[in-house]
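Notes for the one structure printed next.
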Amino acid sequence: MATVNPWKRFIGLLPGGSRSVGEVISISTATGTSIVELRNGIQISARGVDVAVGLKAFIIDGQITGQAPSLPQYDVEV
Amino acid sequence: MTQRFRLTGPYQPPVPLVFVLRARHVDVIYPEPPRLSISARAGWSGAAAADAATVAAFRAVPPREARVLLSHQQAPAQDAAMGSAWSVGVPTDSGQGEAWTAARPLSAAAQVVLWSTPGVRDSGTADAWRPALPLDQLSLRLSWQVGIPTDAGVGSRHRDTDRFGPEWRYIEQLPPYRPGAQPLAFRFNGTRYQPARNPPVYFRLGRSLRERPTQPRDQRIGIRHGTPATLDWGRSLPWGWGTPADARPTGITYPDYNGPVIIIEPPVEPDILETYMIANSVSLVVLPDRTPVDATGIKVSLDIDSFSWKFSADLFGRTSLNLVRPDASGPKTLELTVNGWIWTLMVERYSSTAKFPAERFSISGSSRSQLLAEPYAPKRSAVNAVDINARQVAEDQLLFTGFTINWDATGIGPPDWTIPAAALSYQDQTAMQVIARVAEAAGAFLRPAREGDSLTVLPRYREAVWWWSSAIMDRIIPAEIITDSSGEWTPQPEWDSVYVSGTSHGVAVDVRRQGTAGNAPAPDVFDDLITATDAARSRGICEISKGGNQEIASRTIPLFPVGSAPGLVEPGMLCEVRDPGDTWRGLCLGVDISADGIGASRVSQVLRLERHHAGGA
């Protein structure tokens, strides 16, 4: 993002802050991780077993933080 | 008064009874009749409002629905349900049926004319329709009664017989009786009249006052009632002015477009001259008494991600420093005027360095919008209990602060949208943080006012980057006025779609650039306040526009006075830069204004422009 604001530039350099929502495919209690399928079909392994299989989960920096609701989906062309 | 007489001997009244009373000897006392006093009592009852608990004269107005405010491509038919303001005229003779009687044959054998002329049944040519009655006629009624005097017919109970004549006085008719030292003595036929102890006859001397005209003595009857007070004078409707869906009606109807027509003033073409001579005028005064401050090296700057103007200046002498130093009443407010552009600024910091043989003083501060943020504003925590509009959130935060917000939701945006209950929650945040968060959710930014207490919410990209080539610019920067230029390459991947989603509430919208496959998505955006597709669309445009090959170009131009183009370029404005042989368009990200020198200052503004090198920009 183009900006001339020093603070915005600085926090743009900081790591983390990635947020996404995915559907839990499987849970491995032995490792404490869950296999989560992201919106674009890619599967990742996220830490946390709190969300049941088949439900959506918030993933912040690779950590499942909670269950996510199913929101109505729209497509918009701009 | 009754006078008793005693008679010597039996009194034989002559027949007929004749008394000869000589008025010369008769001293009669006539008392002053009691003054006629009129106790007029005001009998007006207080004018009571007929219906103080008004029934508004208007029907209940439904609150403005935020979802109505749609953006370009989703504009609904404007008030399609309005219909006409006239009721359907009722046909007065609905049973008219056919207007003609059945033709009846004159003669079956007739060869020429088989049918007689049909008779007109309703040859009367009156209109068949009543005049249509307007449905929305203003049925104004006064909501208070006119005070009606309750005893209008009372008047006075006595009859004035000589109201307007000269005042009748009893003492003018007869001299008052002045009793002498001698007892009253009557003489009848030369005989002194001696009244008896228990006389069978009493004389009553006096005069009938029946002819005395009755006159009002004290006509001081004032009217005790005035105009009844309007009970609901200060009552106002709880709804603000409705915002027209069409920002400024043009009267032009577009056959294939029924959305809002947004009029953006085209930029003023700057004058191209061989030589520009600008007599810069810079003044810095302390409000409110407008004491001038002796300053130099004044710098004012703002960028698109800041919510207040920054300011710094160097001062001459300790006298000026003492004028602007904060005291018990808080920080001092300065007014800076540069070529007619006015800023209102707070002095937050000052410094002085004493080093032989000179002293240096400098101050710095920010615009008054800083009062909405730390450390001035209180931190608050809340969650919205009911549905609320995004603009209402901003207005809510500015309540009792004296600041106002400008949010043209129907014009250049960003759109207004509904935030459902419990979707907006914040903890320990200042008003500015909350407003900035709401604005950022829709891809907007805050522009603080230079003077006055107001904030403006504007879309960061008024037009998407790939539409810049056909967009209306705000400013035109010709090469003739550019003194310095530089650039910084800040590339980003080229994106063509973005997934914008709410988290606990709201919608998830896949915003895709028209005409692309959408296979180069920008990082997903999860924002608590994406609760409507309008907001998601506006945010999506902003996110996609951030991508692509781009540079931050700096151009230094003079600050022209107010009224001559291009004037002051503020962050968020779209500018067309006409470099020699290369005309391009960019978004102003920041502006630094500096006024150097003493007396005749050199004033310049440095623009930071976001220039995209793809997509036709």
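So the protein lines, in turn, are chains A and B. Quick note: the first sequence uses my numbering, first residue 1, plus one each step. Quick note: the second sequence uses my numbering, first residue 1, plus one each step. Cβ atoms here follow ideal geometry from the backbone N, Cα and C, with glycine treated the same way.
Along the chain, which unbroken stretches of the alpha helix (DSSP H) at least 4 residues long are found entirely within the stretch 307–353 of chain B? 317–324
Counting contacts by CB-CB distance shorter than 7 angstroms, is Leu71 (chain A) in contact with chain B? yes
Going by the DSSP bridge assignment, what does Cys542 (chain B) pair with across the sheet? BP columns for Cys542 (chain B) are empty, so no partner.
How about the stretch 416–430 of chain B and the stretch 355–364 of chain B: do they share at least three Cβ pairs that are nearer than 8 angstroms? no
Taking buried to mean at least 16 other C-beta atoms within 10 Å of its own C-beta, is Met277 (chain B) buried or exposed? exposed
Taking only beta-carbon positions, decide if Leu589 (chain B) is within less than 7 angstroms of chain A. yes
Do Asp61 (chain A) and Ser18 (chain A) have their C-beta atoms closer together than 7 angstroms? yes
Count the other CB atoms, across all protein chains shown, that sit within 10 Å of the CB of Tyr257 (chain B); report buried if there are 16 or more and exposed otherwise. exposed
Beta-carbon neighbours of Val438 (chain B), restricted to chain A and to distances below 7 angstroms: Under the 7 angstroms cutoff, chain A gives no residues; its nearest Cβ is about 18 angstroms from Val438 (chain B).
Taking the alpha-carbon of Lys332 (chain B) as reference, which of B:Pro357, B:Phe356 and B:Val293 has the nearest alpha-carbon? B:Val293
Integer-rounded CB distance, given that Ala522 (chain B) should sit under 8 angstroms from Ala441 (chain B): Ala441 (chain B) to Ala522 (chain B), Cβ: 16 angstroms. No contact.
Since His612 (chain B) sits in a beta bridge, which residues does DSSP pair it with? B:Gln550
With distances taken from CA atoms, which of B:Ala373, B:Phe526 and B:Ala354 is nearest Thr430 (chain B)? B:Ala373
Answer with buried or exposed for Asp527 (chain B), where buried requires no fewer than 16 other C-beta atoms within 10 angstroms of its C-beta. buried
Backbone CA spacing between Gly9 (chain B) and Leu184 (chain B) [nearest angstrom]: 20 angstroms
Residues of the stretch 302–321 of chain B with a CB closer than 9 angstroms to any CB of chain A: list them in chain order, please. Asp303, Ile304, Asp305 and Ser306
Three-state secondary structure assigned by DSSP to Asp75 (chain A): strand
Which one of B:Gln605, B:His612, B:Gly540 and B:Val591 has the shortest CA to CA distance from Asp75 (chain A)? B:Gly540
Counting pairs of beta carbons, one from the stretch 539–558 of chain B and one from the stretch 442–454 of chain B, are three or more of them closer than 8 angstroms? yes
Within 10 angstroms of the Cβ of Ala328 (chain B), are there 16 or more other Cβ atoms? Answer buried if so, exposed if not. exposed
What does a CB cutoff of less than 7 angstroms around Thr291 (chain B) pick up in its chain, not counting 5 residues either side in sequence? Val285 and Leu323
Which word fits Trp650 (chain B), buried or exposed, when buried means at least 16 other C-beta atoms lie within 10 angstroms of its C-beta? Examination of residue 650 (chain B) is not possible in this model, given that chain B is present from 1 through 617 alone.
Could you check if Glu167 (chain B) is buried or exposed, using at least 16 other CB atoms within 10 Å of its CB as the buried criterion? exposed
The alpha helix (DSSP H) enclosing Phe526 (chain B), as first and last residue numbers: Phe526 (chain B) -> not in any alpha helix (DSSP H); beta strand (DSSP E) instead, spanning Pro521 to Phe526.
Given a limit of 8 angstroms on CB to CB distance, which residues of the stretch 18–48 of chain A reach chain B? Ser18, Arg19, Ser20, Val21, Arg39 and Asn40
Do Lys299 (chain B) and Ser594 (chain B) have their C-beta atoms closer together than 7 angstroms? yes
CB of Val457 (chain B) within 7 angstroms of CB of Trp417 (chain B), strictly: no
If you count every other CB in all the chains shown that lies within 10 Å of the CB of Asn339 (chain B), and 16 or more means buried, which is it? buried
First and last residue of the uninterrupted beta strand (DSSP E) at Pro459 (chain B): Ser454 to Pro459
Is the shortest distance between the beta-carbon of Asp507 (chain B) and the beta-carbons of chain A less than 7 angstroms? It is Val, not Asp, that sits at residue 507 (chain B) in the sequence shown. True, the Cβ-Cβ gap to chain A drops below 7 angstroms.
Would you mind working out which of B:Arg380, B:Ile419 and B:Gly411 sits nearest Asp387 (chain B), comparing C-alpha positions? B:Ile419
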